[in-house]
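Numbering (this note's numbering), first residue to last: 165 to 654.
Put into structure tokens, the structure is as follows:
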């Protein structure tokens, strides 16, 4: 800032991304020690004093990710230039806190209050193209031209050929106060309904309202205060713990630490086109994987194919998938009646009813037809995998792929390993799970695996209360008030 030979500044990131945000490990350290001094005063000292109020303009050159504190840093700059596919978002509420570097104040001033609320309260990220349409991004350019265009833009600001805009002081995107209060009131009611036990949502709205009523700088001060209060909350402690726990599932001793490389899984066969099978097929084709759906007769096959089509059409109606993308996605799906059509698949996922003889016969058949590298997976939720594959010679290829219904929506995938399952097979299935946007959790071949093993005593305890005379409606209400999406009897 003090160099006389520097007229303007371009901020960019390394490794193909701008910034993924604040180091969440610091939150964990604060939770352990209770020491808030570990949190730097970024919102005022860096973003406001050094960048936004500087005598030289700053332009953010964005590619890859600009999330959380990374996006907040860009909003403190005087312009933002991005590559088309860069991902922008403020996901802090998923960690039990609010944006803490000025995001609650600058985002509404750049994209308008309704869009800002959507992005923050839902932790919804957007692509740079959409950001450009709302005013968050000033210009889109190619990765090769990003730095050059950003430098020219910064010099144009310095030499007054382009406007010098401090987003914290903008008001042109803000609606009148009375209208803003109505929007915030509606948001509060919605948050109370959907997230009644999450204090960060109401706190985020408080910080936004403070800035709208009393000005951006007052809002930044309010935001910083609330941010530090929320960091020490039990909600943040729990959500940060969940964040690290979820990522710990990607590290499996003897699988991910022995130098194995995942094999390419290009074609997957799904046996059974019922509710679960059609959901699994949907998840796979959405990730760009070719799927062969196998059924016992034409009627069942057509029903299964139509179920997949209905799942995809539902995404189009919600606006999360375009018509062109729908056609390309459905083109990846093929229906067959004969096992001979599976001779070139890389993985088979059996998703038929829970009958041991049926599953055993299917595994014997697919072992005979499919290539020797093919993964033999079952979606069983209750049957011992050793029994399922009892009549199969290739014990090292047998693995559980337990999805939860609806399979194309629910995020968890239990990967069940036997004593003989190959580490390579486990790694391959973990990779597929991540590709279809699931959280793959490797579990042992035991009763209930992980989720049902936890759910069984929960249901048993609820049933015991009923036997003791407690009304089922009261049990459901208490559990719902506690924060569960529904009670055990709903």
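Backbone N, C-alpha and C define an ideal beta-carbon position, used for all residues, glycine too. Every value quoted in this text rests on a predicted model; they were computed, and no experiment measured them.
Every unbroken alpha helix (DSSP H) within the region 212 to 254, with a cutoff of 4 residues, ordered by chain: 233 to 240
Would you mind reading off the limits of the alpha helix (DSSP H) that contains residue 333? Where residue 333 is concerned, there is no enclosing alpha helix (DSSP H), given that its DSSP letter is neither H nor E.
Secondary structure at residue 446, three-state DSSP: helix, strand or coil? helix
Just how far apart, CA to CA, sit residue 320 and residue 378? 32 angstroms
Residue environment, residue 256, which counts as buried when at least 16 other CB atoms sit within 10 Å: buried
On the CB-based measure, 16 or more other CB atoms within 10 Å of its CB, does residue 317 come out buried or exposed? buried
Backbone CA spacing between residue 160 and residue 220 [nearest angstrom]: The structure shown has nothing for residue 160, since the chain only spans 165 to 654.
Report buried or exposed for residue 452, applying the criterion of at least 16 other Cβ atoms within 10 angstroms of its Cβ. exposed
Opposing strand residues paired with residue 498 [DSSP bridges]: 456
Contiguous beta strand (DSSP E) assignments of at least 3 residues, all confined to the region 524 to 597: 539 to 542, 562 to 567 and 576 to 581
How would you label residue 581, buried or exposed, when you count the other beta carbons within 10 angstroms and need 16 or more for buried? buried
In three-state terms, what does DSSP make of residue 319? helix
Would residue 337 and residue 270 be called neighbours here (beta carbons separated by less than 7 angstroms)? no
Going by the CB atoms, is the gap between residue 424 and residue 588 shorter than 7 angstroms? yes
Buried or exposed: where does residue 217 fall if 16 or more other Cβ atoms within 10 Å of its Cβ makes it buried? exposed
Suppose contacts are defined by Cβ-Cβ distances below 7 angstroms. Is residue 548 in contact with residue 584 by that definition? no
Does the structure place the region 501 to 520 close enough to the region 427 to 437 that three or more beta carbon pairs sit under 8 angstroms? yes
Short check: CB of residue 222 to CB of residue 301, under 7 angstroms? no
Whether residue 186 touches residue 260 by CB criterion (7 angstroms): no
Would the region 600 to 620 and the region 409 to 422 be scored as touching if the rule is three or more Cβ pairs under 8 angstroms? yes
Among the candidates 365, 409, 204 and 591, whose CA atom is the shortest distance from the CA of residue 418? 591
Can you tell me which of 447, 640, 368 and 482 puts its alpha carbon nearest to the alpha carbon of residue 627? 640
What do you reckon, are the CB atoms on residue 446 and residue 472 nearer than 7 angstroms? yes
Grouping DSSP H, G and I as helix and E and B as strand, with all else coil, what is residue 511? strand
For residue 339, which option in 359, 278 and 287 has the closest C-alpha, if you only look at C-alpha atoms? 278
Classify residue 632: buried if its beta carbon has 16 or more other beta carbons within 10 angstroms, exposed otherwise. exposed
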